[in-house]
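*Asks:* Residue numbers for the sequence shown follow this note's numbering, beginning at 19 and rising by one. Note that beta-carbon positions come from the ideal geometry of N, C-alpha and C, so glycine has one too. Quick one: structure below, then a few questions.
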Amino acid sequence: MTDVFPASPPLALVIFDCDGVLIDSEPISLATLTRGLNGIGLAISLDSVRERFAGTSMTSIMERVAREDGVVAPDGFVERVKAETLEAFEAELTAMAGIAEALGLLPLPFCVASSSDPVRLRRSLSLTGLLPLFGEHVYSSAQVERGKPFPDLFLFAAERMGVAPETCLVIEDSVPGVQAARAAGMRVVGFTGGGHWGHDRDGRDLMAAGASRVFAAHAELGRIVAAG
19 MTDVFPASPP LALVIFDCDG VLIDSEPISL ATLTRGLNGI GLAISLDSVR
69 ERFAGTSMTS IMERVAREDG VVAPDGFVER VKAETLEAFE AELTAMAGIA
119 EALGLLPLPF CVASSSDPVR LRRSLSLTGL LPLFGEHVYS SAQVERGKPF
169 PDLFLFAAER MGVAPETCLV IEDSVPGVQA ARAAGMRVVG FTGGGHWGHD
219 RDGRDLMAAG ASRVFAAHAE LGRIVAAG
């Protein structure tokens, strides 16, 4: 007798991470963070910052730095790094190639759920011309108790969009983001087209974290969504 497994319910929502998925911001923000951490006495490389902290909020990053490295940031450090990052964004930030066109062809509702703080998140989307495509459907980890890799943000986004978690597909570029989507009971695929993913275009880390597949160009997004 052949076992019969229930099919996944039809997709009702696509949830996008922002940094490294919609906008090519991670090379900028990771470089700024690395310089900042070096400046307060933490000898850490850009590669180590990417590996340890990509996809997580500044609050979580500084908690880990204090706990794991014994370095406590001085007053105003987080605000200074955020300000320097936004300044760099004004000059350098771009949208991911093909994302606007891909969003315009999506047959499903979509939203953003990002570890960025609300000011940076909306400014980033505005600078790259993507904010009008999402309207008010922009959600930040500042709106929930726990950020990625916990499921809170994705569950919050699904609730706000009025859909069940099991009908959501998450597009993520970080291991904590993939872990958060899986913990939320959502389907998740990995995106490796960002400038910070040159080390692993095959997305081995994302697949190991639970992504069902990976892709590197938004021209593939329609096919990814159609496959569920």
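Helix, strand or coil: how does DSSP classify residue 232 here?
*Replies:* Residue state, collapsed to three classes: strand.
*Asks:* Work out the CA separation of residue 68 and residue 79 for me, nearest whole Å.
*Replies:* One C-alpha to the other measures close to 11 Å.
*Asks:* Tell me the rounded alpha-carbon separation between residue 186 and residue 39.
*Replies:* Cα-Cα distance, rounded: 17 Å.
*Asks:* Rounded to whole angstroms, what is the Cα-Cα separation between residue 96 and residue 76?
*Replies:* Their Cα atoms are separated by approximately 7 Å.
*Asks:* Over the uninterrupted alpha helix (DSSP H) stretch that includes residue 6, give me the two end residues.
*Replies:* Here the chain has residues from 19 to 246 only, and residue 6 is not among them.
*Asks:* Can you tell me whether residue 85 is helix, strand or coil according to DSSP?
*Replies:* Helix.
*Asks:* Measuring straight from C-alpha to C-alpha, what distance separates residue 37 and residue 134?
*Replies:* Those two C-alpha atoms are separated by around 8 Å.
*Asks:* Nearest to residue 109 by CA position, among 124, 156, 141, 121, is which residue?
*Replies:* Nearest C-alpha to residue 109: 141.
*Asks:* In angstroms, rounded to a whole number, what distance separates the CA positions of residue 180 and residue 193?
*Replies:* Roughly 26 Å between the two C-alpha positions.
*Asks:* Could you tell me if residue 199 is buried or exposed, where buried requires 16 or more neighbouring beta carbons within 10 angstroms of its beta carbon?
*Replies:* Counting Cβ neighbours within 10 Å, residue 199 comes out buried, since at least 16 surround it.
*Asks:* What would DSSP say about residue 116, mapped onto helix, strand or coil?
*Replies:* Three-state result, residue 116: coil.
*Asks:* Taking the alpha carbon of residue 74 as the point to measure from, which residue in 175, 92, 51, 63 has its own alpha carbon closest?
*Replies:* Of the candidates 175, 92, 51, 63, the one whose C-alpha sits nearest the C-alpha of residue 74 is 51.
*Asks:* Is the beta carbon of residue 209 less than 8 Å from the beta carbon of residue 190?
*Replies:* Contact flag set, yes.
*Asks:* Using three-state DSSP, classify residue 58 as helix, strand or coil.
*Replies:* Reduced to three states, the DSSP call for residue 58 is coil.
*Asks:* Please give the ranges of any alpha helix (DSSP H) in the stretch 129-169, keeping only runs that are unbroken, at least 4 residues long and fully inside the region.
*Replies:* Whole alpha helix (DSSP H) segments, 4+ residues: 136-145, 149-152.
*Asks:* If residue 159 sits next to residue 171, beta carbons under 8 Å apart, how far is it from one beta carbon to the other, in whole angstroms?
*Replies:* About 5 Å; that satisfies the 8 Å criterion.
*Asks:* Can you tell me the Cα-Cα spacing of residue 119 and residue 41, whole angstroms?
*Replies:* Rounded to whole angstroms, residue 119 to residue 41 spans 14 Å at the Cα level.
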